[in-house]
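Peer 1:
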Amino acid sequence: MEVIHLLKDYFQRKQDAPTSLIIYSRKLLLIVSIVIVCTLLLVLLICSQKVQAMFGILKRYEVEMSPEVRGRITDGNKPVAGMQVARSLSYEGYQKGKELLEHTLTDADGRFSFKPVVVKSRSPGGLFSQNMLVWQAVYVERDEQLYHLWSTHKIWHPVKPMSDLLIQLNCDLQNKKVQHEINTLDYGGMSSQVVSSICHWQGELISTYYNNELISSYDEIK
Numbered sequence: 001m002e003v004i005h006l007l008k009d010y011f012q013r014k015q016d017a018p019t020s021l022i023i024y025s026r027k028l029l030l031i032v033s034i035v036i037v038c039t040l041l042l043v044l045l046i047c048s049q050k051v052q053a054m055f056g057i058l059k060r061y062e063v064e065m066s067p068e069v070r071g072r073i074t075d076g077n078k079p080v081a082g083m084q085v086a087r088s089l090s091y092e093g094y095q096k097g098k099e100l101l102e103h104t105l106t107d108a109d110g111r112f113s114f115k116p117v118v119v120k121s122r123s124p125g126g127l128f129s130q131n132m133l134v135w136q137a138v139y140v141e142r143d144e145q146l147y148h149l150w151s152t153h154k155i156w157h158p159v160k161p162m163s164d165l166l167i168q169l170n171c172d173l174q175n176k177k178v179q180h181e182i183n184t185l186d187y188g189g190m191s192s193q194v195v196s197s198i199c200h201w202q203g204e205l206i207s208t209y210y211n212n213e214l215i216s217s218y219d220e221i222k
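At position 10 of the sequence shown the residue is numbered 10 (the UniProt record's numbering), and the sequence of numbers has no breaks.
#1: Apart from the five residues just before and just after L185, which ones in its own chain have a Cβ nearer than 7 Å to its Cβ?
#2: Which parts of the region 75 to 107 are runs of the beta strand (DSSP E), unbroken and 3 residues or longer, counting only runs that do not cross its ends?
#3: Taking just the CA atoms, how far does C38 sit from L214?
#4: According to the neighbour-count rule (16 or more other Cβ atoms, all chains shown, within 10 Å of its Cβ), is K176 buried or exposed?
#5: Report the residue from Y139, S66 and P161 whose alpha carbon sits nearest the alpha carbon of K115.
#6: Would you please state the rounded distance, in angstroms, between the beta carbons of V178 and H200? I believe it to be under 8 Å.
#7: Per DSSP, what kind of secondary structure is S129 in: helix, strand or coil?
#8: Taking the alpha-carbon positions, what's the N131 to G125 distance?
#9: Using a 10 Å radius around the Cβ and a threshold of 16 neighbouring Cβ atoms, would you call H180 buried or exposed?
#10: Let me make sure I understand the geometry here. Which of V195, V69, Q95 and G71 has the alpha-carbon closest to that of S151?
#11: Look at the alpha carbon of E204 and the alpha carbon of V85, and state the distance between them as a whole number of angstroms.
#12: Whether or not the region 162 to 171 and the region 93 to 109 are in contact is what I'm after, with contact meaning three or more pairs of Cβ atoms, one per stretch, closer than 8 Å; do they touch?
#13: Does DSSP classify Q52 as helix, strand or coil?
#14: How is S171 classed by DSSP in three states: helix, strand or coil?
#15: Where does R87 land, buried or exposed, given buried means 16+ other C-beta within 10 angstroms?
#16: Assign L205 to one of three DSSP states: helix, strand, or coil.
#17: Thinking C-beta only, is W156 closer than 8 Å to V138?
#18: Mind reading off the beta-carbon distance from S121 to Y91? Whole number of angstroms is fine, and I expect it under 8 Å.
#19: Mapping DSSP to helix, strand and coil, what is L166?
#20: State the CB to CB distance for the pair T106 and I73, rounded to an integer number of angstroms; the pair is presumed to be in contact (CB under 8 Å).
#21: To which residues of the same chain is residue 238 closer than 8 Å at the C-beta, ignoring the five residues directly before and after it?
#22: Closest by CA to Q174, which one among E68, G76 and G71?
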């Protein structure tokens, strides 16, 4: 009887062996399939990022060299008529940084204006050029002396607080030149956007310095 039992057990194991092998093979196949799928997804992700990067480099972006500019020049609160005003703009990602220089004249009330300037460039999408800044300057010259109404480096896209100030270039030639630090972080700009100017502005976003010292009133520098 014991021999019969051993034989039955032997044949039972022989029958179970293929079943165990099939189960093991299926598990192995599942694991291999998961690995292959994950590998393919990773490859697709990497390729997608490379394609996006490539198209980012090829894409031409609209770079704001300058928004609209409006202002008024006075001398001792009296309008200065017929004064030549210059606007200088440059950006390394456009014409290799060549200066774009324009001139206009103030009217009888001392007022002047410049139109917006927007150019196309691939630099904002470049790995090493995306942080290039735009140089902006608006100035006048009298008696061989330059008076900067506006002088700054800014990011390539529009920043509302900066655009707002550029239509308020109301400056008196007797004003002392100051440095304004403007918090434009909430508008996609810098936390401390420095503008040098003889225009004296005030506002919640503006901190003004004279000779590197913070002032709370322009009466302090008269």
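We treat Cβ as the ideally placed atom computed from N, Cα and C, and that holds for glycine.
Peer 2: The relevant details are as follows:
#1: The sequence position of residue 185 within the sequence shown is 185, counting from 1. If we look at L185 and ignore the five residues flanking it on each side, its Cβ neighbours are S191.
#2: Taking 3 residues as the minimum length, the beta strand (DSSP E) runs contained wholly in the region 75 to 107 are 84 to 91 and 100 to 105, in order along the chain.
#3: By 1-based counting over the sequence shown, the position of residue 214 is 214. By 1-based counting over the sequence shown, the position of residue 38 is 38. Approximately 58 Å, taken between the alpha carbons.
#4: Counting from one through the sequence shown, the residue named residue 176 turns up at place 176. With fewer than 16 other Cβ atoms within 10 Å, it is exposed.
#5: Locating residue 115 in the sequence shown gives position 115, where the first residue counts as 1. Measuring from the Cα of K115, the nearest candidate turns out to be S66.
#6: The residue given as residue 178 occupies position 178 in the sequence shown. The residue given as residue 200 occupies position 200 in the sequence shown. With a contact defined as Cβ atoms closer than 8 Å, V178 and H200 qualify at about 7 Å.
#7: Along the sequence shown, one-based indexing puts residue 129 at 129. Per DSSP, reduced to three states, the secondary structure at S129 is coil, with no helix or strand assignment.
#8: Looking up residue 131 in the sequence shown gives position 131. Looking up residue 125 in the sequence shown gives position 125. Taking C-alpha positions only, N131 is separated from G125 by approximately 9 Å.
#9: In the sequence shown, the residue the question calls residue 180 occupies position 180. H180 is classed as buried because its beta carbon has at least 16 other beta carbons within 10 Å across all chains shown.
#10: Mapped onto the sequence shown, residue 151 falls at position 151. The option with the nearest alpha carbon to S151 is V195.
#11: On the sequence shown, position 204 is the one that residue 204 refers to. On the sequence shown, position 85 is the one that residue 85 refers to. Their Cα atoms are separated by approximately 29 Å.
#12: The answer is no - the region 162 to 171 does not touch the region 93 to 109, with fewer than three Cβ pairs under 8 Å.
#13: Against the sequence shown, residue 52 aligns to sequence position 52. At Q52, the pLDDT of 48 sits below 50, so the modelled position is not reliable and the matter cannot be decided from this model.
#14: Stepping through the sequence shown from its first residue, residue 171 is reached at position 171. Just to set this straight, residue 171 is Cys in the shown sequence, not Ser. C171: strand per DSSP, three-state reduction.
#15: As a working note, residue 87 is residue 87 in the sequence shown. It is buried - the Cβ of R87 has at least 16 other Cβ atoms within 10 Å.
#16: Locating residue 205 in the sequence shown gives position 205, where the first residue counts as 1. Coil at L205, not helix or strand.
#17: Counting from one through the sequence shown, the residue named residue 138 turns up at place 138. Counting from one through the sequence shown, the residue named residue 156 turns up at place 156. No; because the gap between Cβ atoms is not below 8 Å, this pair is not in contact.
#18: The residue labelled residue 121 in the question sits at position 121 within the sequence shown. The residue labelled residue 91 in the question sits at position 91 within the sequence shown. Confirmed, Cβ separation roughly 7 Å.
#19: For this step, residue 166 is matched to residue 166 along the sequence shown. L166: coil per DSSP, three-state reduction.
#20: Position 106 of the sequence shown, counted from the start, is the residue given in the question as residue 106. Position 73 of the sequence shown, counted from the start, is the residue given in the question as residue 73. Contact check for T106 and I73: beta-carbon distance about 6 Å, within the 8 Å limit, so the pair qualifies.
#21: In this structure the chain extends from 1 to 222, so residue 238 is not present and cannot be described.
#22: In the sequence shown, the residue the question calls residue 174 occupies position 174. Looking at the Cα atoms, G76 is the closest of the given residues.
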